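Read left to right, the sequence shown gives residues 128 to 433 (the working numbering).
Below you'll find the structure, written out as structure tokens, and then a few comments.
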Amino acid sequence: MNYIIKRLFSIIPVLLLASIVVFLIIHVIPGDPAELIAGPGVPDSEIQIIREEMGLDKSLPQQYIIWLYNIVQGDFGQSLVYGGPIRPLVIERFINTFNLTLAGILFAMLIGIPLGIAAAIKQNTVIDVFVMGLSIIGISMPIFWSGLLLILFFSVNLALFPATGIGGFSHIVLPAITIGSNSMAIIARMTRSSMLEVLKQDYVLAAEARGIPYIVIILKHAFKNALIPIITIIAIQFGYLLGGAVVTETVFVYPGLGRLLVDAIARRDYPVVQACILLIAVLFILINIIVDIIYTYIDPKIRYDS
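Structural data, given as structure tokens:
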């Protein structure tokens with residue numbers, strides 16, 4: 128519990144630093160939000176009134192404090208393009224992206240981990256070569272290309288799954304496979320590497336000498352001790368997919384957080400951009416904390432050494 132409390136307190140300075148970076152990045156982008164709202168041909172006096180209403184006439188430190196105070200209260204401000212509160216818009220899109228990312232990472236884990244274990248057990252065999260070749264293809268193939276191939280084969284030719292939009296389970300299958308294919312390849316390679324290192328340990332050889340069934344040694348002993356690097360790469364991939372789902376969401380016309388962010392950047396909707404980037408940064412931080420806590424249950428030595 129002490130370890131968990133320390134890790135939770137460590138979030139505070141990281142969150143503050145992330146909020147400062149997000150705030151400053153948006154304010155160095157060329158363009159005036161007040162002019163965007165006012166539209167072309169509006170007198171400077173009216174633009175100045177809009178700037179005062181938005182608080183843009185204040186200094187950067189004052190703007191940051193006001194913005195941070197509102198964020199803490201759950202007020203992300205008003206969208207310059209959509210003309211309404213940002214929070215419900217971002218929450219709706221985030222839920223869509225979270226569901227897609229969760230489905231994608233589950234696909235990557237369910238396929239990648241068994242493939243990695245099989246490749247480690249059958250090192251330098253046909254199975255190992257097949258898994259590593261599949262991993263190279265998964266890492267190398269661009270997401271937009273694999274997405275288009277899946278649409279062509281499963282939607283156009285076979286008509287098994289819808290090609291675009293959002294709805295039931297059938298709508299998320301192809302996007303999940305697309306977004307998870309790259310992570311599946313990375314997880315498979317990491318699982319293989321981690322398992323190979325563990326299988327060389329003396330306790331594995333001793334367990335084999337005592338006649339313990341090999342499947343028990345693999346699943347009960349070796350895999351558990353190989354989990355920490357595997358969990359690390361899964362967490363990294365989960366955070367990456369949350370923030371990098373924009374290509375998949377674009378190919379499948381999926382209304383997620385990534386598409387909202389790109390649209391907001393293109394239309395200079397700065398408050399929405401700030402909200403999206405800050406949310407993605409917070410999620411990365413929380414994922415790291417959760418993984419650190421999971422480490423302590425997999426390897427008890429961590430909680431005492433930290």
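C-beta: ideal position from N, C-alpha, C; glycine also.
Just so you know, these numbers come straight off a predicted model, no measurement behind them.
The C-beta of residue 194 has 16 or more other C-beta atoms within 10 Å across all chains shown, which makes the residue buried. For residue 205, the secondary structure class from DSSP, reduced to helix, strand or coil, is strand. When the alpha-carbon of residue 243 is set against those of 257, 173, 295 and 232, the nearest one is in 257. Residue 269 carries a coil assignment under DSSP once its states are collapsed to helix, strand and coil. Here residue 212 is bridged, per DSSP, to 205. Per DSSP, the continuous alpha helix (DSSP H) segment holding residue 133 begins and ends at 129-136.
Note that the C-beta distance between residue 214 and residue 203 is below 7 Å.
By the Cβ test, the segment 407-416 is in contact with the segment 355-370, since at least three Cβ pairs between them sit closer than 8 Å. From the listed residues 293, 297, 267 and 271, the smallest Cα separation to residue 281 is found for 297. Residue 423 carries a helical assignment under DSSP once its states are collapsed to helix, strand and coil. Residue range 187-199 is occupied by the alpha helix (DSSP H) that includes residue 190. Bounds of any alpha helix (DSSP H) do not take in residue 288, whose DSSP letter is neither H nor E.
Within the segment 215-281, complete alpha helix (DSSP H) segments of at least 4 residues are found at 253-267 and 270-277, given in chain order. About 12 Å separates the beta carbon of residue 230 from that of residue 293, a gap too long to meet the 8 Å contact definition. Between residue 396 and residue 206, the C-beta gap is smaller than 7 Å, which places the two residues in contact. In this chain, the alpha helix (DSSP H) harbouring residue 309 covers 296-326.
By the neighbour-count criterion, in which 16 or more other beta carbons inside 10 Å mark a residue as buried, residue 301 falls on the buried side. DSSP places residue 386 in the uninterrupted alpha helix (DSSP H) bounded by 384-393. Burial of residue 220 is indicated by the presence of at least 16 other C-beta atoms within 10 angstroms of its C-beta. A straight line joining the alpha-carbon of residue 168 with that of residue 174 spans about 10 Å.
A residue is called buried when at least 16 other Cβ atoms come within 10 angstroms of its Cβ; residue 319 meets this threshold and is buried. In the DSSP annotation of this structure, residue 379 is not part of any alpha helix (DSSP H), being labelled neither H nor E.
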